[in-house]
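Residue numbers (my numbering), protein chains in the order written: chain H, 1 to 438; chain D, 1 to 422.
Glycine included, each C-beta is placed from N, C-alpha and C at the ideal position.
Structure record follows, encoded as structure tokens.
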């Protein structure tokens, strides 16, 4: 947001660029930030993880859960050589990124993803070196997905709103409202699927207030978002203390969504349980993201939404109803976030608790930004953040060499680096936050 | 989101409306009507009505959650008087105990105790004044600083450390603790300012992220030997030295401390900075129109950094007053939700120092009175959040309040003002 447009994006230079400079075209400045960041990661991997691991130490990963058909044997790797290898891999990618930067070529999203995975693996190998316990990889991945689900739903909610020009800071409140109503309705009907239907309504209701103030009364969207978070926190906590607490058996003990195991696919080693041994909520998430990814960039609906978010006046000129589009998107976004809220209560079979979303709405916002307002990118960012959270749990079992709090900071730090443009460029929809009047 | 002016864009109409519109003497015959109309159009009327509407809405919630009301509601058509009595009792019991807890308690045993609630209100308002002043400066300079919470936390951490780790003479000790907290808050906010100035990083996102990082940082520090109380397994620091604490203003039986005077002084200082100093003029110029300010020769980047430093310093003092004034110890939750409440304080106070002090006192009263309300009437403290949020929502949308209460729109007489506003 408020990042100047990066010229190199518009002018993907090729080998002809240097000659182009001679004939009068101005070459865009080289963007050093991403390569420098990768080099730092490479240096960290080698200096801290490779040299920090005790010589001759080994790390054990268990790769299968007890339910798996293929019982993969636990994998034991020598810590030193593996971390050095990963460091060299990151260094190679940093070298490639440097080369690409000098030639002013845009690198694909796979570079940061591989750098991230390599860094994470090196970190895991280093933390597990010479510890008695094996690192349970499938469990960690499954846990990571559980943490990532509300983040991904929240990020989708954010991007559906922001692509149409409405800043949604109220994701936190929408998640909380969804969690609340899902728990109460599921308990009342004693059917978790009823809760699943109710949760989007709660999120949409919060979003409707946001739209009402932001679009109809043109109040600053950030203010409304911040205040709505306070309002929903207050309302749900009030209702929790007055009504739910005393009647918890009749109002607040939701049944759990059943786990639906997809035959065959769930038996894929390592990632099978994470992706295909989940509740229906997770499958809905996958479908939502896939549909959004296609619709946003390939459909008339998506084109109109993006037009409204980038240049509402132009959109209006060709007959797109700007404020109606914004209303619809805000409500849709709220509904998606509300559905994400269900993952706090009925997906886990947990009762609603005061402020149980604990700032996840803001991490979802971070995931959206880090994913550059695209569904696929936001999913990756949400998975990364979920995994960082799961890692914290795993390391508390294995015994962590660094304090848990620093691991929890990871999503926030990554986001700050992203908006500061240190890791690539992020650019928000141009008309975001500006009320539209004819 | 580049260079918008959130603080000013909230209410373009009301700031205009509060200025005296000189009808060049033509309105002389019906002066009385003009006066009434001015009052109805004023910001004060909107604020008052918003507060009343929020309290009314909360009253509905309180009544609805009351078991006696629920019981009588089942036969409301048979005996409506029972239902109405129950509603009245529930609402009266909640609001009267709120008043007794926040302003004046006629049921207390001694005169001293009767006035104690008022001092509690003032005590609760101190951190809100500090943080609200800081946020107000940001809003008026076009910077949306959501990060007061993180700045409060950092201010609390550093001032507490100075407070328990060093043995110093009284006046020096408290001064150092205050300065430490101020610097910590300023630097924490300065990160966001510098990133915005250097890289154009959006300050809303950066400050939200810095909030979470600050809380985690405090949680980590409280697990280290430097901060943890010896012999304790809980994340709590040693007690602060008496010499580092703010002196109580009204003797030891009241909690009101010298931080309140410091807060009032800070409000005056903020007024001077924003209204009378060159830097304040630059701040406001950037807030009104960053491009114009840049054209006029103001370094907008420097202003971003300085605004965040000043705002963060004030928010840091909010944390300082919490630790040195009331808590006397650093532990998780020391900052409460001051940083977020301060956003509502600054919005309600229209980002002006006097308004901020009054808004902080109002929210301080809600805060101070709510525990008694909870014990006497069983209404949970959380209702305060609802009241606070509704007030600010209504304040942020003056047209809504006007249409609710059928007030005339400001400047509805002059077409020009409307066209300018549009």
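- Contact annotation, residue 242 of chain H with residue 65 of chain D: C-beta distance approximately 4 angstroms; criterion of less than 8 angstroms satisfied.
- Close CB contacts of residue 157 of chain H within its chain, under the 6 angstroms cut and outside five residues either way in sequence, are with 171, 333, 336 and 337 (chain order).
- By the rule that beta-carbons nearer than 9 angstroms mark a contact, residue 210 of chain D touches chain H.
- Contacts between residue 344 of chain D and chain H, judged by CB atoms closer than 9 angstroms, involve 226, 227 and 230 in chain order.
- Within the segment 313-349 of chain D, the runs of alpha helix (DSSP H) at least 4 residues long that lie entirely inside it are, in chain order, 338-348.
- Non-local C-beta neighbours of residue 236 of chain D in its own chain, meaning closer than 8 angstroms and more than five positions away in sequence, comprise 222, 228, 229, 329, 330 and 331, ordered along the chain.
- Not a single C-beta of chain D is nearer than 9 angstroms to the C-beta of residue 352 of chain H.
- Chain-order list of chain D residues neighbouring residue 420 of chain H: 195, 199 and 201, by C-beta distance under 7 angstroms.
- Under the three-state reduction of DSSP output, residue 72 of chain H falls in the coil class, being neither helix nor strand.
- Judged by DSSP secondary structure, residue 432 of chain H falls outside any beta strand (DSSP E); it is assigned neither H nor E.
- Shown here, residue 261 of chain H sits in a strand according to DSSP, grouped into three states.
- Annotation: residue 277 of chain H is outside any alpha helix (DSSP H); the continuous beta strand (DSSP E) that includes it extends over 277-279.
- Beta-bridge partners assigned by DSSP to residue 62 of chain H: H:136.
- In this structure residue 174 of chain H is buried. Its beta-carbon is surrounded by 16 or more other beta-carbon atoms within 10 angstroms.
- Using a CB distance below 7 angstroms, the part of the segment 209-222 of chain H facing chain D consists of 213, 217, 219, 220 and 222, ordered along the chain.
- Per DSSP, the beta-bridge partners of residue 78 of chain H are H:58.
- Residue-level contact check: residue 408 of chain H touches chain D, since one or more beta carbons of chain D fall below 9 angstroms from its beta carbon.
- For residue 282 of chain D and residue 293 of chain D, the gap between their C-alpha atoms comes out near 8 angstroms.
- Using a C-beta cut-off of 8 angstroms, the segment 302-309 of chain D makes no contact with the segment 233-250 of chain D, since fewer than three inter-stretch Cβ pairs fall below that distance.
- DSSP lists D:248 as the beta-bridge partner residues of residue 257 of chain D.
- Along the segment 330-359 of chain D, going in chain order, the ones with a CB nearer than 9 angstroms to a CB of chain H are 337, 340, 341, 343, 344 and 347.
- With a contact defined as Cβ atoms closer than 8 angstroms, residue 386 of chain H and residue 148 of chain H qualify at about 3 angstroms.
- Cβ-Cβ separation between residue 107 of chain H and residue 100 of chain H: approximately 5 angstroms, consistent with a contact (criterion under 8 angstroms).
- Against chain D, a Cβ distance below 7 angstroms from residue 241 of chain H picks out 380 and 382.
- For residue 282 of chain D, the uninterrupted alpha helix (DSSP H) run begins and ends at 278-288, by DSSP.
- With a threshold of 9 angstroms between beta carbons, residue 181 of chain H makes no contact with chain D.
- Note on residue 86 of chain H: 16 or more other CB atoms within 10 angstroms of its CB, so buried under the neighbour-count rule.
- Residue 155 of chain D and residue 184 of chain D do touch by the CB rule: their CB atoms are close to 5 angstroms apart, below 8 angstroms.
- From the beta-carbon of residue 388 of chain D, the residues of chain H found nearer than 9 angstroms are 227, 230, 231 and 234.
- Just so you know, the alpha carbons of residue 184 of chain H and residue 361 of chain H end up roughly 21 angstroms apart.
- The beta carbons of residue 366 of chain H and residue 205 of chain D sit closer together than 9 angstroms.
- Contacts with chain D at 9 angstroms (Cβ-Cβ) include residue 363 of chain H.
- Counting every other CB atom within 10 Å of its CB across the protein chains shown gives residue 30 of chain H a total below 16, marking it as exposed.
- For residue 391 of chain D, the three-state secondary structure derived from DSSP is helix.
- Residue 373 of chain H has its alpha-carbon roughly 18 angstroms from the corresponding atom of residue 300 of chain H.
- Residue 269 of chain H is outside the set of residues whose beta carbon lies under 9 angstroms from a beta carbon in chain D.
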